[in-house]
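Residue numbers (the UniProt record's numbering), protein chains in the order written: chain P, 1 to 213; chain H, 1 to 441; chain V, 1 to 257. For glycine and all other residues, C-beta sits at the position ideal for the given N, C-alpha and C.
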Amino acid sequence: MEEPGLREIGCEQSPLSRPDGSATFMQGDTSVLAGVYGPAEIKFSREIYDKSTVEVMVRPKVGLPAIQEKNQEQLIRETCESVILGTLHPRTSITIVLQVINDGGSLLACFLNAACMGMMDAGLPMRAMFCGVTCVLDSDGQLTIDPTTKEQKESRAVLTFAIESTEKRILTISSRGVYSTAELQRCIAAAQLSAQKIFHFYRDSAKRRYSKS
Amino acid sequence: MRETPLSSCERAFLLQAITDKKRVDGRQTYDYRNIKITFGTEYGCCIVELGKTRVLGQVSCELVAPKMNRPTEGILFFNLELSSMASPAFETGRPSELLVKLNRLLERCLRNSKCIDTESLCVQAGEKVWQIRVDLHLLNHEGNIMDAASIAAVAALCHFRRPDVSVQGEEVTVYSPEERDPVPLSMHHMPICVSFAFFQQGTFLLVDPSEREERVMDGLLVIAMNKHREICTIQSSGGIMLLKEQVLRCSKVAGVKVAEITELIQKALENDRKIRKEGGKFGFAESLPDQKITALKIEKNVVDTSNVKDKAEKIISESQPPSDVVTKPVVRAVGTAQIGEGIENTWGELEEEEDEEEEDEDDDDADIVSTSIESDKVTEKPAKKTSADIVISDSEEEDVVILQPEPQAKASSSQAPEEDQDKSPVRKTPHSKKKKKRSSH
Amino acid sequence: MAAGYKTVEPLEYYRKFLKQSCRPDGRGLSEFRITTINVGSITTADGSALVKLGNCTVICGIKAEFANPAADAPDKGYIVPNVDLTPLCSSRFRPGPPGEEAQVASQFIADLTWVLYCDLICLDYDGNLLDACVCALVAALRNVQLPSVKISEDTGLAQVDLSTKSPLKILKKPVSTSFAVLDDTYIVVDPTDEEESLATGLLTVVTDEDGKLCTIRKPGGSSLSAERLQECISRAVSRHKEVQALLDEVLLSVKTL
């Protein structure tokens with residue numbers, strides 16, 4: 001039996017020239033491209049007087065965005081709003097566009113990671129970084145982190161967490177399926193450990209790009 | 001979001017440069033930018049980079065019933081989307097003029113040229129045919145969307161494999177990729193679009209215009225050709241008037257360019273096929289260059305979950321266990337029950353009003369009830385009112401006992417709840433009514 | 001005067017109450033508003049329920065119909081939930097296509113040869129919509145009476161016999177509990193509309209009768225440590241028992257009719 005762990009992670013910063021910030025994030029076969037525009041001009045009818053308006057758009061590869069995408073958009077938007085220091089840029093808009101390049105499992109976690117790297121690339125002021133981790137529980141109660149599409153489909157419960165970098169506390173939870181409280185706490189602890197690794201990766205990517213040596 | 005407008009000095013600079021036969025990025029008049037084609041792990045998925053313009057293409061298929069007037073032909077569906085990340089000017093919602101124009105041109109180029117053999121997509125005549133759907137997403141707009149989109153569509157279609165089917169009488173079996181190898185689409189030829197931008201009323205032309213050049217151009221000529229030098233589609237827009245010689249010269253140039261591009265696509269497909277056959281790693285992750293400092297990859301990571309269980313158990317044992325105190329629900333009427341303490345809902349008026357009513361499932365009462373409802377709480381369902389809020393006066397009494405401390409707490413904060421402000425004076429009378437009833441009992 | 005203070009500085013106003021561990025409407029931090037459930041009120045629907053959580057009111061109607069099953073689950077029926085947040089319930093909503101909140105609520109509920117069309121209409125919005133909706137849906141589902149179906153031999157079609165009705169087999173009875181995080185420190189249960197607008201974070205926990213969790217949803221907002229989350233889950237489990245007892249009483253009273 002395989003030890004639980006994260007798949008291969010890859011990231012490319014600023015692959016696109018037009019958006020203010022962009023990032024491609026790959027977890028195994030799952031690949032997501034994030035484009036961030038902001039802070040930018042906003043229509044008067046939509047502006048908020050004391051902070052910036054965060055907008056998230058999730059685009060699937062095939063077909064038009066449906067209710068499931070709307071749900072993901074709301075989760076990601078609330079997560080981003082809580083870390084972005086919106087009060088520094090009132091009456092502006094921050095737009096995050098997430099395009100699915102390939103869906104190979106744990107898609108929501110990949111969206112969250114790509115969004116965070118994209119915002120970092122755009123230079124948006126944030127109070128913390130966050131990362132997404134998906135855990136699945138199969139019928140025996142076996143825990144698997146960062147599942148593939150097959151593992152996700154065969155599982156009993158799928159949980160996605162967004163963990164913030166300062167104190168490793170939980171920012172966002174979204175789950176499907178039935179599980180016990182003990183299993184939930186196990187997943188949270190496992191997610192916090194994986195988050196550690198992902199934050200190291202963010203750091204290494206930034207170091208590689210910005211260090212002078 | 002709005003696109004930053006082009007300043008007049010930039011415009012003048014570009015036009016002057018073109019008049020001097022120079023391009024801002026150093027290319028020659030007939031030069032294309034670097035084209036890079038990568039394929040994903042799924043069949044039919046590819047990303048094309050034409051300079052910095054990036055397009056993602058995905059082909060998918062589905063078994064559907066054929067169109068009435070073409071029972072033996074498969075269905076093709078093309079969709080180009082200008083993603084909001086490609087340019088700040090692109091917004092979702094109503095399709096812009098540019099989008100409609102591009103989609104139309106793409107359809108003419110691919111569908112009307114009959115590059116895909118639709119007869120081969122038929123499984124059961126009149127019953128089931130394959131519907132091939134090509135979705136293209138523009139990810140970055142640095143000029144010449146049309147060319148990039150057509151290359152992506154053609155490459156994706158050539159790369160795509162559909163599941164194998166077999167028909168036995170009336171039974172249609174679709175084999176999964178594990179059972180039988182998927183089958184490629186049969187393509188007659190590969191039409192590629194080549195764009196020519198015209199400046200100074202047709203005096204100067206440039207092949208593969210960049211985004212800045214597109215902004216200052218007078219008109220655009222798009223020629224879709226295949227490597228056999230057959231023109232599939234030709235479109236001139238922008239209102240420039242071209243001479244016959246110019247158009248012929250453009251088509252000659254297009255022929256050369258299309259041959260180069262087609263060879264590039266073939267090579268990329270061949271590479272991908274070889275890697276898949278040898279069992280090597282393929283997909284977008286592999287195409288990430290190792291040397292770039294903006295890219296980083298790490299190997300599979302094992303997360304140590306040995307003390308996860310202990311940590312979890314510790315947290316659970318330290319937290320308070322769920323309280324077992326359960327408030328007994330109060331049955332108000334048939335089909336209605338209530339629990340809880342806290343703010344009484346403003347529909348409580350209703351219950352007081354009907355103290356005198358008999359509990360009854362009659363619709364007659366419904367009318368009386370609905371008129372006595374406060375105007376801002378009118379609903380269109382009078383029938384439910386009868387069973388909803390009829391109150392057994394005895395239980396009302398019990399509640400009065402419980403509620404006594406509440407009104408006091410509420411009185412101190414009664415200025416607080418805004419919604420209840422206008423209701424609170426009204427509520428006083430029912431309370432006094434209740435008290436009267438108690439004394440009468 | 002207090003009303004004036006509340007309009008100008010809503011957060012400060014709430015803080016004063018929170019420091020004393022109570023809320024403006026007189027509740028403690030872990031108390032729920034009065035919950036009222038009524039079932040079977042819509043006679044034209046196969047099942048219906050009306051739930052009032054304080055002032056928040058949601059009515060659910062269920063209609064059963066025949067439909068083609070989904071391709072990947074040919075022997076199961078399915079549920080089509082739809083949540084309607086109309087301007088009737090609050091000035092926050094405008095008429096037109098369902099807003100994001102309604103769509104998210106619809107999606108949230110779906111995660112719980114017949115197809116049941118469930119329409120949930122919010123009549124009065126006063127915070128904590130998800131709890132009321134889930135409660136209404138479960139109550140209505142338990143109230144649903146499906147007519148028996150016979151396949152007639154000659155035509156091969158299904159014949160619906162409306163005279164004999166049998167209740168729907170419900171395997172699990174989920175109950176939803178919502179929390180709001182105020183000021184990054186206080187967690188209150190069952191938030192009202194005002195509390196929701198001031199909240200820095202929201203959390204919804206859905207439990208079933210074995211003490212297991214069906215869904216947890218926490219869209220962004222202030223971060224929570226695992227310990228605080230555990231406290232919320234405990235509260236949700238005890239709430240489940242309360243609502244369960246309530247539902248059982250209600251349905252018992254209907255059956256004895």
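Item, Value
"Report the neighbours of P/V178 on chain B: residues whose CB is nearer than 8 angstroms to its CB, in chain order.", "Absence of chain B from the displayed structure is noted, the protein chains being P, H and V."
"Let me see if you follow: with CB-CB separation under 8 angstroms, is residue 218 of chain P close to chain V or not?", "One cannot answer for residue 218 of chain P here, as it falls past the ends of chain P, which runs 1 to 213."
"Does the distance from the C-beta atom of P/S165 to that of P/A128 stay below 8 angstroms?", "yes"
"Taking the alpha carbon of H/L99 as the reference point, which residue from H/F78, H/R111 and H/G51 has its own alpha carbon closest?", "H/F78"
"Along the chain, where does the beta strand (DSSP E) that runs through P/Y49 open and close?", "Careful: P/Y49 lies outside any beta strand (DSSP E) and carries neither H nor E."
"Write down every uninterrupted run of the alpha helix (DSSP H) in the UniProt domain \"Exoribonuclease phosphorolytic\" (32-163) of chain H whose length is 4 residues or greater and which is fully enclosed by it, in chain order.", "97-110 and 145-159"
"Let me confirm a value: P/C116 is counted as buried when at least 16 other C-beta atoms fall within 10 Å, else exposed. Which label applies?", "buried"
"I need the straight-line Cα distance from V/P24 to V/N38, nearest angstrom please.", "28 angstroms"
"Whole angstroms is fine: what's the gap from P/E41's alpha carbon to P/I48's?", "12 angstroms"
"Excluding the five sequence neighbours on either side, which residues of its own chain have a C-beta within less than 8 angstroms of the C-beta of H/Q200, listed in chain order?", "L15, I18, T19 and D218"
"Candidates H/V207, H/I145 and H/V247: which alpha carbon is nearest H/L102's?", "H/I145"
"In angstroms, rounded to a whole number, what distance separates the CA positions of P/A157 and V/A64?", "28 angstroms"
"If you reduce the DSSP assignment to three classes, tell me which class P/A66 lands in.", "coil"
"Between V/C135 and V/I62, how many whole angstroms is the CB-CB distance? I'm expecting something under 8 angstroms.", "At roughly 14 angstroms, the Cβ-Cβ gap does not stay under 8 angstroms, so V/C135 and V/I62 are not in contact."
"Report the partner residues of V/P81 according to the DSSP bridge assignment.", "V/C118"
"Quick one: is P/L112 buried, meaning 16 or more other Cβ sit within 10 Å of its Cβ, or exposed?", "buried"
"Would you mind sorting residue 454 of chain H into buried or exposed? The rule is 16 or more other CB atoms within 10 Å of its CB.", "This structure does not reach residue 454 of chain H, given that chain H is present from 1 up to 441, and the question cannot be answered."
"Helix, strand or coil for H/D310, going by three-state DSSP, please let me know.", "helix"
"For P/P147 and H/T203, I'd like the C-alpha separation in whole angstroms.", "59 angstroms"
"Go to H/R249, then tell me how far its alpha helix (DSSP H) extends in each direction, as first and last residue.", "K244 to E278"
"Hey, how far is the Cα of P/T134 from the Cα of H/G93?", "32 angstroms"
"Is the shortest distance between the beta-carbon of P/L159 and the beta-carbons of chain H less than 8 angstroms?", "no"
"Does H/I293 have its Cβ less than 8 angstroms from a Cβ in chain P?", "yes"
"Helix, strand or coil: which one does DSSP assign to P/E8?", "coil"
"Taking the Cβ atom as the reference point for each residue, do H/E211 and H/G143 lie within a distance shorter than 8 angstroms?", "yes"
"In whole angstroms, what separates the C-alpha of P/Q142 from that of P/A190?", "12 angstroms"
"Just to confirm my understanding: we take P/Y37, look at its own chain, exclude 5 residues before and 5 after, and list those with CB closer than 6 angstroms. What are they?", "P19, D20 and T95"
"Quick check on the burial criterion: 16 or more other C-beta atoms within 10 angstroms. Buried or exposed for P/Y179?", "buried"
"By how many angstroms is the C-alpha of P/G177 removed from the C-alpha of H/Q408?", "At H/Q408, the pLDDT of 37 sits below 50, so the modelled position is not reliable; the number obtained from the coordinates is stated separately. Whole-angstrom Cα-Cα distance: 45 angstroms."
"Check each candidate in H/P191, H/Q58 and H/Q28 and name the one with the smallest Cα separation from H/A259.", "H/P191"
"Below 8 angstroms between beta carbons is the criterion; list the residues of the region 217-233 of chain V that meet it against any residue of chain P, in chain order.", "R217, K218, P219, G220, G221, S222, S223, L224, S225, A226, L229, Q230 and I233"
"Mapping the DSSP letters down to three states, classify P/T24 as helix, strand or coil.", "strand"
"Taking 8 angstroms as the limit between beta carbons, can you name the residues of its chain near H/S84, skipping five residues before and five after?", "F90, E91 and T92"
"For P/S174, would you say it is in contact with chain V, using Cβ-to-Cβ distances shorter than 8 angstroms as the test?", "yes"
"Locate the beta strand (DSSP E) running through V/T35, then write down its first and last residues.", "T35 to V39"
"Answer yes or no: do residue 444 of chain H and H/P95 have a C-beta to C-beta separation smaller than 8 angstroms?", "Residue 444 of chain H lies beyond the range of chain H shown here (1 to 441); nothing can be said about it."
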